[in-house]
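Following: one structure in structure tokens, then a few remarks.
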Amino acid sequence: MASAQDVDKVRVEGQFQSWLRGAVAPLASKAGVSQATFDAATRGLALDWSLPDLAPPGAPPLAGPQRQPEFADPARYVAEPNFAALTKEGQAELARWSKSLDAVERRFGVPREIVVAIWGRESRYGRAKIPYVAIRALATEAFMGARKAQFMPELVAALKILDGDHIALDAMKSSWAGAMGQPQFLPSKYLENAVDMDGDGRRDIWNSVPDTLGSIANYLRRHGWTPGRDWGVEAALPASVPCTLEGPDHSRTGAEWKAAGARPIGGGALPKVDAASLHLMAPAGRTGPTFLVSDNFYVLKEYNESDLYALFVGHLADRLRGGGPIVGTWTTPKGVARSEIAAMQRRFEAKGVDVGTADGLIGFRTRVAIGRWEAAQGRAPTCFPDPGDVGKIAR
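Mapping of the sequence shown onto the UniProt record's numbering: residues 1 to 395, in sequence order.
So this is what it looks like as structure tokens:
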């Protein structure tokens, strides 16, 4: 079978044009996009062959290689050097946009440091280059990407943005995966969460910092952020607290964690959560630092479905307030392929064990499943896969 590089591109471009007219146009019309907007957006539109993960008609299907760093080595993702420049630049942005952030906090109840931390993580405070035209990138991925079904509704949502918000086609820039502007919203998230904070009648997350900050805060509040509640804290846990207690399924009150011997690293108190519960979060099981987090941590995960992303944002917010680095050390094993993790997860599922999704990503449910398997072998659970164990687990 031909590779993606060997296909007849002229033929595929013709198929793309037929697809735009036959598949996309009816969906756009049903969503309320005017014919004039659709015609303007697709006139002269060609596929972007430079994008990753393409499987043109006639080429072999893709397995969808992993490209998101938030699912890679935990220690690397939250390594100390990653915070130095973002902290210094973020503190300057906090001062520069203090009045706008005052308004954002009053309106949405989300701390400015959290909002600015997401802004910094997503686009380095608007400095990051956002090189793609969203319509072209989304149309390419919806037509011949590895995740077509996920991109089609985003393409239609992007057409709705053009139709309703009067954003110029060439100005609607995105990542290769269609994440737009400084907050990196997918088009559907833009439609649901973007706000006009500067009062010019437009929701401009590409050029307006107030709109960007307000839109991030609105997203968090709409997804359940509780004002006055901390996200979490790094904590030392005695060996008697098993890592299999990780996740929102095993919440305890602050008093219960304290009675079990948990203590915040660096002194101080456990997170302010009123009467709410705290949850153990251990991105590398017992082979890395551990944290006690509130429900607001899981709201941060709504922005990007990754424990490490939420940890990065929460920790960067703490650094913007003058906090110190993560103290715990990482002894996390390396060298396990994502395909090996996925095969292990499928074995767990065949035995009726909930691992979340068999996607090769080591989320908390997979970590807990590994820890329980280790305990069943008579070993102290680490809740993280060792290269020597992966092929044996759940056999």
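Virtual Cβ for every residue (Gly too), placed ideally from N, Cα, C. The model shown is predicted, which means the values in this text are computed figures rather than measured ones.
Query, Result
"From the DSSP output, in three-state form, read off residue 81 for me.", "helix"
"In terms of residue numbering, what span does the beta strand (DSSP E) encompassing residue 397 cover?", "Since the displayed the chain opens at 1 and closes at 395, residue 397 lies outside it and no answer follows."
"Should residue 305 be labelled buried (16 or more other beta-carbon atoms within 10 Å of its own) or exposed?", "exposed"
"May I ask which residues mark the beginning and end of the beta strand (DSSP E) holding residue 234?", "232 to 236"
"Could you check if residue 212 is buried or exposed, using at least 16 other CB atoms within 10 Å of its CB as the buried criterion?", "buried"
"Between residue 118 and the rest of its own chain, which residues show a CB-CB distance below 6 Å, the 5 nearest in sequence each way excluded?", "216 and 313"
"On the CB-based measure, 16 or more other CB atoms within 10 Å of its CB, does residue 382 come out buried or exposed?", "buried"
"Return helix, strand or coil for residue 174, following the three-state DSSP convention.", "strand"
"Is the region 43 to 63 in contact with the region 6 to 20, if contact means three or more CB pairs nearer than 8 Å?", "yes"
"How big is the Cα-Cα spacing for residue 285 and residue 243?", "6 Å"
"Work out the CA separation of residue 126 and residue 138 for me, nearest whole Å.", "22 Å"
"If you count every other CB in all the chains shown that lies within 10 Å of the CB of residue 52, and 16 or more means buried, which is it?", "exposed"
"Mapping DSSP to helix, strand and coil, what is residue 336?", "coil"
"DSSP state of residue 2, grouped into three classes?", "Low local confidence applies: a pLDDT of 45 at residue 2 is under 50, so the model's placement there is unreliable, and no value is given."
"Excluding the 5 residues preceding and the 5 following residue 172 in the sequence, name in chain order all residues of the same chain whose CB lies nearer than 6 Å to its CB.", "134"
"Applying the criterion that 16 or more other CB atoms from any shown protein chain within 10 Å of the CB defines a buried residue, is residue 71 buried or exposed?", "With a pLDDT of 48 at residue 71, under the threshold of 50, the modelled position of this residue cannot be trusted, and the question is left open."
"Below 8 Å on the Cβ atoms is my contact criterion, and I expect residue 390 with residue 369 to pass it. Report the Cβ-Cβ distance as a whole number of Å.", "The pair is not a contact, with the Cβ atoms about 12 Å apart (cut-off 8 Å)."
"Under a three-way DSSP split, which group does residue 153 fall into?", "helix"
"Counting only the same chain and skipping the five closest in sequence on each side, list residues whose C-beta sits under 6 Å from that of residue 372.", "244"
"Of all the options 270, 300 and 303, which has the alpha carbon lying nearest to the alpha carbon of residue 291?", "270"
"Taking 8 Å as the threshold (C-beta atoms), are residue 225 and residue 143 in contact?", "no"
"Among the residues of its own chain, which have a CB less than 7 Å from the CB of residue 277, if the five just before and after it don't count?", "251, 252 and 253"
"Using DSSP bridges, identify the partner residues of residue 145.", "54"
"Secondary structure at residue 246, three-state DSSP: helix, strand or coil?", "strand"
"Classify residue 124 as helix, strand or coil using the three-state DSSP reduction.", "coil"
"CA-CA distance, residue 16 and residue 44?", "12 Å"
"Is there at least one non-hydrogen atom of the ligand COA closer than 7 Å to the beta-carbon of residue 321?", "You won't find the ligand COA in this model; it holds no ligand whatsoever."
"Quick check: what's the CA-CA separation for residue 67 versus residue 176?", "For residue 67, the predicted model reports a pLDDT of 47, less than 50, meaning its position is unreliable and no value from the coordinates is stated."
"Under 8 Å, do residue 223 and residue 154 count as touching if we go by C-beta distance?", "no"
"Does residue 127 have its Cβ less than 8 Å from a Cβ in chain B?", "This model lacks chain B altogether; it includes just one protein chain."
"Out of 197, 201 and 219, which one is the CA nearest neighbour of residue 209?", "197"
"At which residue ranges does the region 4 to 33 contain complete alpha helix (DSSP H) runs of 4 or more residues, listed in the order of the chain?", "9 to 19 and 25 to 30"
"Between 333, 162 and 357, which lies nearest to residue 344 when the distance is taken from Cα to Cα?", "357"
"Where does the unbroken beta strand (DSSP E) through residue 312 begin, and where does it stop?", "Taken as a continuous stretch (DSSP letters only), residue 312 belongs to no beta strand (DSSP E), being part of the alpha helix (DSSP H) at 307 to 320."
"Any idea what DSSP makes of residue 353, helix, strand or coil?", "coil"
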